[in-house]
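J.: If you count the sequence shown from 1, you need to add 1 to reach this note's numbering.
A virtual CB, placed ideally from N, CA and C, is assigned to each residue, including glycine.
Computed from a predicted structure; not experimentally measured.
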Amino acid sequence: MSPITFATPLALSQPTLLPRTFTRSIKTLNPKIKPSRFNAGFDLPVLGASKTAALERKSYTLPPRTGALAIKKGMTALYDPETAKRTPCTVLQLDRVQVVSHKTRQKHGYWAVQVGAGIKEPRNVTRPERGHFAANKVGLSRHLHEFRVKDESGLPEVGSVIGADWFQEGQFVDARANCRGMGFAGGMKRWGFHGQPASHGQSLTHRVMGSSGASQGSGSRVLPGKKMPGNMGGQQVTVQNLRVLKVDAANGIVVVNGCVAGPKGALVKIQDALKKPWPEVPVAPAADAAAEPVKAAA
Numbered sequence: 002m003s004p005i006t007f008a009t010p011l012a013l014s015q016p017t018l019l020p021r022t023f024t025r026s027i028k029t030l031n032p033k034i035k036p037s038r039f040n041a042g043f044d045l046p047v048l049g050a051s052k053t054a055a056l057e058r059k060s061y062t063l064p065p066r067t068g069a070l071a072i073k074k075g076m077t078a079l080y081d082p083e084t085a086k087r088t089p090c091t092v093l094q095l096d097r098v099q100v101v102s103h104k105t106r107q108k109h110g111y112w113a114v115q116v117g118a119g120i121k122e123p124r125n126v127t128r129p130e131r132g133h134f135a136a137n138k139v140g141l142s143r144h145l146h147e148f149r150v151k152d153e154s155g156l157p158e159v160g161s162v163i164g165a166d167w168f169q170e171g172q173f174v175d176a177r178a179n180c181r182g183m184g185f186a187g188g189m190k191r192w193g194f195h196g197q198p199a200s201h202g203q204s205l206t207h208r209v210m211g212s213s214g215a216s217q218g219s220g221s222r223v224l225p226g227k228k229m230p231g232n233m234g235g236q237q238v239t240v241q242n243l244r245v246l247k248v249d250a251a252n253g254i255v256v257v258n259g260c261v262a263g264p265k266g267a268l269v270k271i272q273d274a275l276k277k278p279w280p281e282v283p284v285a286p287a288a289d290a291a292a293e294p295v296k297a298a299a
């Protein structure tokens with residue numbers, strides 16, 4: 002008797018194992034093809050959600066030239082002889098403002114100008130800071146700040162001096178400074194709360210905030226961002242669209258309309274207003290100012 006043999010197929014089809022969370026629907030039958038996040042060809046338009054498009058949009062909101070650092074000297078008033086109108090104004094003084102270094106898109110990812118103001122003794126400057134000033138061959142500055150610019154054309158020469166004539170009368174500027182610190186303040190002073198009744202059985206809680214959350218249920222908690230007593234002031238405040246009323250290049254004085262945050266002696270960052278047309282002025286200091294850099298302290 003011949004032995005019994007079984008025929009085995011050459012190749013068995015393996016079942017497709019799907020994940021347990023997979024569900025069949027109309028979306029699985031007709032899957033949507035997502036566009037690539039990267040532009041492989043030069044003929045493709047720039048994606049609106051890409052970093053390249055964001056940088057391009059950002060360039061339209063940046064000023065074409067750098068700003069300057071000034072010291073707030075106080076407030077005064079100017080009178081118009083024709084209309085006899087009194088205009089309150091703030092006096093700002095530029096003290097040895099110079100260009101310290103540059104930030105480039107190739108090295109740092111954006112265009113910016115590092116500006117220094119004032120003077121400082123070498124014994125009060127750390128060794129890394131002294132090396133930074135020495136590498137750029139400029140004098141020691143007491144204050145340093147960075148101003149972003151639109152492109153490479155807004156980078157003035159390192160060591161050039163920025164005077165009060167950097168701004169012109171009639172143009173608009175934005176002024177940024179730290180406001181006066183009030184310390185720990187209550188809700189009425191910090192946020193303008195009306196307070197509680199002064200009489201009719203009210204005692205010891207006339208200026209108290211009161212309840213800060215809901216009474217019961219799932220909302221019985223203090224919501225984030227609730228206005229409460231706390232530290233008041235000491236934060237940067239930006240005042241936009243201040244008109245330049247007078248410029249005294251000999252004394253480094255710039256007089257702007259209205260008030261600027263901060264006490265007397267506060268450091269103020271001045272730059273061309275973002276919400277006004279750019280002034281028709283050069284984006285780099287004059288050649289005579291660049292020829293007289295601030296000398297380094299011995």
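(1) Considering Cα atoms alone, identify which of Lys74, Tyr61, Leu63, Glu57 is closest to Gly253.
(2) Hey, how far is the Cα of Lys247 from the Cα of Ile120?
(3) CB-CB under 6 Å to Thr344, same chain, minus the five flanking residues each way: which ones, in chain order?
(4) Sort Gln115, Thr67, Glu170 by Cα distance to Ala258 and report the nearest one.
(5) Beta-carbon separation of Thr239 and Asp175 under 8 Å?
(6) Under the DSSP definition of a beta bridge, which residues are partnered with Ala178?
(7) For Met233 and Ala186, I'd like the C-alpha separation in whole angstroms.
(8) Within the same chain, show all residues whose beta-carbon is closer than 7 Å to that of Gln203, passing over the 5 residues directly before and after it, in chain order.
(9) For Asp96, which residues in the same chain have their Cβ closer than 7 Å to its Cβ, ignoring the five residues on either side in sequence?
(10) What is the rounded straight-line gap between the Cα of Ser142 and the Cα of Gly155?
(11) What are the boundary residues of the beta strand (DSSP E) that Met229 is part of?
(12) What residue from Thr105, Ala251, Pro46 has the CA that sits closest to Phe148's CA?
(13) Ala298: buried (16+ other C-beta within 10 angstroms of its C-beta) or exposed?
(14) Starting from Asn258, trace the beta strand (DSSP E) both ways and give me its first and last residue.
(15) If you count every other CB in all the chains shown that lies within 10 Å of the CB of Gly282, and 16 or more means buried, which is it?
(16) Would you mind reading off the limits of the beta strand (DSSP E) that contains Leu56?
(17) Determine, using beta carbons only, whether Met123 and Ala285 come nearer to each other than 8 Å.
(18) Excluding five sequence neighbours on each side, which residues of the same chain lie with their C-beta closer than 6 Å to the C-beta of Leu145?
(19) Would a C-beta distance cut-off of 8 Å place Ser51 and Asp152 closer than the cut-off?
(20) With a 10 Å radius around its C-beta and 16 neighbouring C-beta atoms as the bar for buried, classify Phe23 as buried or exposed.
(21) Use the C-beta contact count for Ala136: other C-beta atoms within 10 angstroms, 16 or more gives buried, fewer gives exposed.
(22) Taking C-beta to C-beta, are Leu48 and Ala54 nearer than 8 Å?
(23) Please list, in chain order, all residues of the same chain as Gln94 whose beta carbon is under 7 Å from its beta carbon, the five residues on each side excluded.
(24) Relative to the alpha-carbon of Lys228, which residue among Ser161, Phe194, Gly140 has its alpha-carbon at the smallest distance?
(25) Under the rule that 16 or more other beta-carbon atoms within 10 Å means buried, what is Ala56, buried or exposed?
(26) Where do the ends of the alpha helix (DSSP H) carrying Arg131 lie?
(27) Residues bridged to Asp249 by DSSP?
(28) Spell out the partners DSSP gives Pro89 in its beta bridges.
(29) Spell out the partners DSSP gives Asp273 in its beta bridges.
(30) Would you tell me roughly how many angstroms separate the C-alpha atoms of Trp192 and Gly231, rounded to the nearest one?
(31) Measuring alpha carbon to alpha carbon, tell me which of Gly263, Arg87, Phe173, Ala78 ends up nearest Trp279.
(32) Do Val150 and Thr67 count as a contact pair if the criterion is CB distance below 8 Å?
T.: Straight from the coordinates:
(1) Comparing Cα positions, the closest option is Lys74.
(2) Using only the alpha carbons, I get a separation of about 26 Å.
(3) Only positions 2 to 299 of the chain appear in the structure, and residue 344 is not among them; the question remains open.
(4) Here the sequence assigns Asn to residue 258, which means Ala is not the residue at that position. Looking at the Cα atoms, Glu170 is the closest of the given residues.
(5) Yes; because the gap between Cβ atoms is below 8 Å, this pair is in contact.
(6) The partner list for Ala178 (beta bridge, DSSP) reads Val238.
(7) Inter-residue distance for Met233 and Ala186 is about 6 Å (C-alpha atoms, whole angstroms).
(8) Correct list, in chain order: Gln197.
(9) Its chain contains Ile72, Ala118, Gly119, Gly253 as the residues whose beta carbon lies nearer than 7 Å to that of Asp96, once the 5 sequence neighbours on both sides are disregarded; these appear in chain order.
(10) Near 22 Å, if we compare the C-alpha coordinates of Gly155 and Ser142.
(11) Premise fails: Met229 is in no beta strand (DSSP E) and is neither H nor E.
(12) Taking only the C-alpha atoms, the option nearest Phe148 is Thr105.
(13) Unreliable placement is indicated for Ala298, whose pLDDT of 46 sits below 50; no coordinate value is reported for it.
(14) Residues 254 to 258.
(15) Reading off the sequence, residue 282 comes out as Val, not Gly. Exposed, since its Cβ has fewer than 16 Cβ neighbours within 10 Å.
(16) Looking at the DSSP string, Leu56 is not in any beta strand (DSSP E); the run it does join, the alpha helix (DSSP H), is 52 to 60.
(17) The residue asked about is misnamed: residue 123 is Pro in this sequence, not Met. No, the pair does not count as a contact, with Cβ atoms beyond the cut-off.
(18) In the same chain as Leu145, and ignoring 5 residues on each side of it, the C-beta atoms closer than 6 Å to its own belong to Gly117, in chain order.
(19) No, Cβ-Cβ distance for Ser51 and Asp152 is not below 8 Å.
(20) Phe23 comes out exposed.
(21) Result: exposed.
(22) For the pair Leu48 and Ala54, the CB atoms are nearer than the 8 Å cut-off.
(23) Same-chain partners within the cutoff: Ala71, Ile72, Lys74, Gly253, Ile254.
(24) Here the closest residue by C-alpha is Phe194.
(25) In the sequence on display, residue 56 carries Leu and not Ala. In summary, Leu56 is exposed, with fewer than 16 beta-carbon neighbours lying within 10 Å of its beta-carbon over all protein chains present.
(26) First-last of the alpha helix (DSSP H) with Arg131: 128 to 137.
(27) DSSP lists Ile254 as partners of Asp249.
(28) As a beta-bridge residue in DSSP terms, Pro89 pairs with Ala78.
(29) Answer by DSSP bridge pairing, in chain order: Val174.
(30) Just so you know, the alpha carbons of Trp192 and Gly231 end up roughly 10 Å apart.
(31) The residue among Gly263, Arg87, Phe173, Ala78 with its C-alpha nearest the C-alpha of Trp279 is Phe173.
(32) Cβ atoms of Thr67 and Val150: closer than 8 Å.
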